[in-house]
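These notes are about the structure you will find just below.
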Amino acid sequence: MSAIDPIILFFLLGLFAGLMRSALRLPAAVYEFVSMLLLLAIGLKGGIELAKQPFAMLLPQMLAVVAMGFTLPLLAFPVLRYVGRFTRADAASIAAHYGSVSVGTYAVATAYFATREITFEEHMPLLLVLLEIPAILVGIVLARGLTRETHWASIAHEVFLGKGIVLLLGGLLIGWVAGPNGVSSITPLFFDLFKGVLAIFLLEMGLIAAAQVSALRRYGLFLLAFGIVMPLCSAVIGIGLGWALGLSVGGAAMLATLAGSASYIAVPAAMRISVPEANPTLSLTASLGVTFPFNVLVGIPIYYVLAEKAYVLLGG
Amino acid sequence: MSAIDPIILFFLLGLFAGLMRSALRLPAAVYEFVSMLLLLAIGLKGGIELAKQPFAMLLPQMLAVVAMGFTLPLLAFPVLRYVGRFTRADAASIAAHYGSVSVGTYAVATAYFATREITFEEHMPLLLVLLEIPAILVGIVLARGLTRETHWASIAHEVFLGKGIVLLLGGLLIGWVAGPNGVSSITPLFFDLFKGVLAIFLLEMGLIAAAQVSALRRYGLFLLAFGIVMPLCSAVIGIGLGWALGLSVGGAAMLATLAGSASYIAVPAAMRISVPEANPTLSLTASLGVTFPFNVLVGIPIYYVLAEKAYVLLGG
Amino acid sequence: MSAIDPIILFFLLGLFAGLMRSALRLPAAVYEFVSMLLLLAIGLKGGIELAKQPFAMLLPQMLAVVAMGFTLPLLAFPVLRYVGRFTRADAASIAAHYGSVSVGTYAVATAYFATREITFEEHMPLLLVLLEIPAILVGIVLARGLTRETHWASIAHEVFLGKGIVLLLGGLLIGWVAGPNGVSSITPLFFDLFKGVLAIFLLEMGLIAAAQVSALRRYGLFLLAFGIVMPLCSAVIGIGLGWALGLSVGGAAMLATLAGSASYIAVPAAMRISVPEANPTLSLTASLGVTFPFNVLVGIPIYYVLAEKAYVLLGG
Amino acid sequence: MTETNNHLRKLLTIITEAAIESVLVRDIEQLGAHGYTVTDARGKGSRGVRNAGWETSGNIHIEVVCDKGTAEAITKHLQARYYANYAMIMFMTDVEVLRPEKF
Amino acid sequence: MTETNNHLRKLLTIITEAAIESVLVRDIEQLGAHGYTVTDARGKGSRGVRNAGWETSGNIHIEVVCDKGTAEAITKHLQARYYANYAMIMFMTDVEVLRPEKF
Amino acid sequence: MTETNNHLRKLLTIITEAAIESVLVRDIEQLGAHGYTVTDARGKGSRGVRNAGWETSGNIHIEVVCDKGTAEAITKHLQARYYANYAMIMFMTDVEVLRPEKF
Ligand SMILES: Nc1ncnc2c1ncn2[C@@H]1O[C@H](COP(=O)(O)O)[C@@H](O)[C@H]1O
Ligand SMILES: Nc1ncnc2c1ncn2[C@@H]1O[C@H](COP(=O)(O)O)[C@@H](O)[C@H]1O
Ligand SMILES: Nc1ncnc2c1ncn2[C@@H]1O[C@H](COP(=O)(O)O)[C@@H](O)[C@H]1O
Ligand code: NA
Ligand code: NA
Ligand code: NA
């Protein structure tokens, strides 16, 4: 069993510093810089793989993943609304966060799989992008209903042209067009530095997660439970889907990670504009304060073990 | 023929995001960081080369290039003043922008040449620095005339101690003093990451170029035409000079690129202080909104083809 | 004799640009980013070494270094108070700065030793951390006396959870836990880029040092003299201690560098809160305006020569 | 104040979430302001700490110099449109401007 | 001003060293303010240039909207506690607020 | 206002292009101000959007607390020297200061 990954230790360092009220802060510009590098790097990696295989073959997978993106928030909503007793807007907003994905969690998973030499379908970033969007639309409909007033045009603009999607999709296209040889010249910045940059990112994420704790205390146990149970359920669905799509064990575990992760960039921004009556603190507390740490520290390994067991049972 | 360079795709991504009014922004600090790295890297590269050859041999080239720096704005001014019907101050300011150079364009050219294994005189950054300054002085004189009031001392300070010149010249001197072996220890940051950093820079430049378009629409066709035709003329002059100086084809094409590029850092800053009555929007729209994209996307290849043809004709 | 190290040239470039009132500025975010990378890298390097050897063996060294950290400010204080005629608070604050250490100076020393292939005990960063803190406590007691009012709890929080300590100690622990193989994946960012990042850091330090000169002129000769003589004395003590502890010549010279360096991050922050009546300009002028440049430009080589001579005399 | 009334205008200050900067300035212009100035800020209020540590937790500080009528139109609109759901405060003071025709 | 007095509050502006932000806002809240807004700044005064170039040389610009009593309590406290040793200025102006119950 | 007149000063606010910060603050000091505070800003006015996206497109927000005479000297000078060619607005308000001797 290989030793604990240093990038996880960076997350713990940030978490510790935050909880101890250390003076440590990362300038917003540094955070934006490293997250930009991660988004572009992940997009590029996926794009390079797309360049290697016929696009058509991926269509079924893509459709299935989009379908999952529509389903997950629909499963989360009733739980939040009737068990959690949240307002309709809050339930819808939180559901949207959990139906979508966290790029940071995906990055940690890739690092985890790499150290253990677990292979997975390299075009995963494409599925990542696809999974980011449907939940947002579902969330808005859940909050607003299908009224005429909803300005879908401006919502689509808001969603598809948000920072995260543009960088991820842009990187994907660049990698696709330029191909493996083309991008070799930018490899040192985007790929060689990847894990170091991820370490800095996780240091900041630790600080941010720590900042959510006080709010968590206020909103109590349900949010904590939901932030752990929901990802596990989504992960199981992800594994099932991965198996049905004939993905490798690693691929299924990765799809489980995506399903089990909760958004904290694209969705909060979209919800703040489109569902303003939802309290952003609730969803960010769950997503950043509970689910992200859970996935990074224990979730990813669990999902992989679950995928292995499932494949033994179902016969992969 | 090699595929399209990914760094160009980054520029297009920025351009697209900007035109689509995407939420994507780069923090000013990130822009300043990457442009600083580029300036230092280019300076260092040039300095290392200077360390390899007797300085005296370069004097004729240096003088010739400075002369070109004085000539180009004098050619541009009457066109702007009498064809473009710009005020004296505006014509002088725009002329200064086009007489000077764009470091970003030079960086893209070095990448373009590198992928195509086109060699050029490696001390080009020295000529780049020299070409940056004369046009500024010409521009001020064109706007003010040779009056006693002009505070040349403070202008010289403004020009020679501007961010761009200090970093470029500083890098040049450091590279020169330290020599190839000396700088080896800082190679990973300044040279290995060069193209990746350039990609980030071009992403931002795309966003900025897109922001100029609305202004361009306002100032109409002449600026657009000037922003394309002027560089082509300057490039031809650059090729001729390169040939006369006995540069290689690549060197001549590079000199053409410098001549054909328009400043957007040193000159705007100097003009804002020394020729305040000139409208900065005009010159930046032409330089960032027209000429930079033109050079990066099609200009550089054109200049190289022109140089080849010229050398066949003239016999290089 | 190898040529002058380029990183020193970056410092001189910054110094020159600052003294010439150049427009060159580094955004605060860039400075914070590079200093963060340096602190983490130094910590990681030290931690990796700790992973290689039994901790217990280091205890004597650690205790001895802490003792030195308590002693140095006690030596500096009377000189500042009675020769320099500073107020009690000012004398105490300056003494604390010189009893503590400068991470930047240590980084330059590692680079200097590396180019000359001088070996030293690799766990030095551990001693660096230990040396940072005692002087702060001494400084506070010197200024306040041992009164009941001093809120030691909040002071300890202030000191141990300051940015510098957290990153340095955090890196140390991460390196220790992850070990050499563990951190290999983040080597490109933290170790390969180290000297390049250090170059950027020194460029900024040059700018900052230059900004102190005017204040230096105001506070006159004594501060200048103290800023040079005090480090030399501390260095001699450091060498003696290194010899007594059985360190290698390189190790002794490094300990001398630590002893001879003056803090400009941890101590100023702590003093501003705990000894507000001390004038921060005085201590920063001495530390950044005199001692840092002195150590970086001539101090480090001197300390190494002194260490060599001492080891010949004493028989190392 | 001693100056002639035609040099007096209102300075309206709005402190709210960075997330709505673009929509807000659009509204402000449509309601007749001839300009605005924005600075980034952090702070605390009834909706808790907004320390700009995380993307969505930044504040902006908007200043608008305009005549009384415009100021009241803006406050009325923002109050109706944003108060319920966004961290926001507004306050107004009298200012003496040069070039009153500008505002 | 024309408005009814119960819409009038004080806007207290404090410009001081960034180093004491955390302690300062704690004091401000304890003295009864319901909120505050902070922006980063640089400047010059009797203690010389504070150009934010170096960690310890940054300024902060704090705005507090509160009633007269609170404003005076804050100024009195800060004057006693910080004026002697820190770069700091304060000034106060009348502002007209919406939702006066907030402040 | 209720306070004794010798505690009243003017707060002069200038919003203009970042490019001229250094020359501007020199002028301001030469005209007798004892200090100033600068914050970075963006905005829009008669000269269009200045969104700080590009080096030359940033604004600065300068505050100067001084007596009426100095304030008017500064406004007169800046108006003559910069209004024609630079994006710039100025406005003034009465403020109540502590330590009036400072300003
Ligand atoms: N009393 C106050 N004084 C100054 N700024 C305030 C005050 N109350 C709120 N703010 C600012 O306005 C923002 C939103 O306020 P709120 O809607 O009360 O959370 C806060 O984050 C503060 O930046
Ligand atoms: N007259 C003034 N007008 C505006 N801001 C000032 C003035 N005097 C001081 N300041 C600000 O307050 C800070 C501290 O002032 P001082 O304590 O006088 O050094 C300075 O760094 C400036 O940012
Ligand atoms: N009415 C206004 N209210 C607030 N700020 C303004 C206003 N008009 C202009 N400004 C600011 O002053 C700068 C220069 O104004 P202008 O010279 O009109 O372009 C603008 O970029 C804005 O930041
Ligand atoms: Na999910
Ligand atoms: Na040119
Ligand atoms: Na020391």
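From first to last, the protein sequence lines stand for chains A, B, C, D, E and F.
For the first sequence, my numbering gives the first residue as 85, with consecutive numbering after it.
For the second sequence, my numbering gives the first residue as 85, with consecutive numbering after it.
For the third sequence, my numbering gives the first residue as 85, with consecutive numbering after it.
For the fourth sequence, my numbering gives the first residue as 3, with consecutive numbering after it.
For the fifth sequence, my numbering gives the first residue as 3, with consecutive numbering after it.
For the sixth sequence, my numbering gives the first residue as 3, with consecutive numbering after it.
Quick reminder that beta carbons are idealized off the backbone N, C-alpha and C, glycines included.
Quick caveat: nothing in here was measured; it's all calculated off a predicted structure.
The alpha helix (DSSP H) that contains residue i, what's its start and end?
i: residue 90(D); result: Not the alpha helix (DSSP H): residue 90(D) falls in the beta strand (DSSP E), residues 90 to 99.
i: residue 328(B); result: 278 to 328
i: residue 356(B); result: 350 to 358
i: residue 20(E); result: Looking at the DSSP string, residue 20(E) is not in any alpha helix (DSSP H), and its letter there is neither H nor E.
i: residue 380(A); result: First-last for residue 380(A): undefined, no H or E at that position.
i: residue 153(B); result: 143 to 162
i: residue 185(B); result: Looking at the DSSP string, residue 185(B) is not in any alpha helix (DSSP H), and its letter there is neither H nor E.
i: residue 104(C); result: Note, residue 104(C): premise wrong, no alpha helix (DSSP H); not H, not E.
i: residue 370(A); result: Note, residue 370(A): premise wrong, no alpha helix (DSSP H); not H, not E.
i: residue 362(B); result: No alpha helix (DSSP H) holds residue 362(B); DSSP gives it neither H nor E.
i: residue 341(C); result: 333 to 344
i: residue 216(A); result: 208 to 216
For residue i, count the other beta carbons within 10 Å of its own beta carbon; 16 or more makes it buried, fewer makes it exposed. Which is it?
i: residue 274(A); result: buried
i: residue 101(B); result: buried
i: residue 19(E); result: buried
i: residue 379(B); result: buried
i: residue 103(F); result: exposed
Is the shortest distance between the beta-carbon of residue i and the beta-carbons of chain E less than 7 Å?
i: residue 50(D); result: no
i: residue 361(C); result: yes
i: residue 72(F); result: no
Taking residue i as the query, report the chain F residues whose CB atoms sit under 7 Å from its CB, ordered along the chain.
i: residue 126(B); result: Those within 7 Å of residue 126(B) in chain F number zero; the least Cβ separation is about 18 Å.
Which bits of chain F does residue i rub up against, with CB to CB less than 8 Å?
i: residue 61(E); result: 39
i: residue 16(E); result: The premise fails here: residue 16(E) is roughly 10 Å from chain F at the closest Cβ pair, so nothing lies under 8 Å.
Please report the residue range of the beta strand (DSSP E) in which residue i lies.
i: residue 61(D); result: 61 to 68
i: residue 38(E); result: 38 to 47
i: residue 51(E); result: 50 to 52
Name, please, each residue of chain B whose Cβ falls closer than 7 Å to the Cβ of residue i.
i: residue 279(C); result: 269, 270
What does residue i touch in chain E if you count any residue whose Cβ is under 9 Å from its own?
i: residue 42(D); result: 41, 42
Please state whether DSSP places residue i in a helix, a strand or coil.
i: residue 199(B); result: helix
i: residue 109(A); result: coil
i: residue 11(F); result: strand
i: residue 269(C); result: helix
i: residue 28(D); result: helix
i: residue 262(B); result: helix
Looking at the C-beta of residue i, does it have a partner C-beta in chain B at a distance below 7 Å?
i: residue 273(A); result: yes
i: residue 377(C); result: no
i: residue 385(C); result: no
Determine whether the Cβ of residue i lies closer than 7 Å to any Cβ atom of chain C.
i: residue 116(B); result: yes
What does residue i reach in chain C if we use C-beta pairs closer than 7 Å?
i: residue 104(A); result: 245
i: residue 254(B); result: 97
Beta-carbon of residue i versus every beta-carbon of chain D: anything under 7 Å?
i: residue 66(E); result: no
i: residue 46(F); result: yes
i: residue 364(A); result: yes
i: residue 111(A); result: no
i: residue 25(E); result: no
Which residues in chain E have a C-beta closer than 8 Å to the C-beta of residue i? List them in chain order.
i: residue 424(C); result: As shown, chain C starts at 85 and ends at 400. That puts residue 424(C) outside it, with no answer to give.
Are the C-beta atoms of residue i and some chain A residue less than 7 Å apart?
i: residue 406(C); result: Shown here, chain C extends from 85 to 400; a query on residue 406(C) therefore has no answer.
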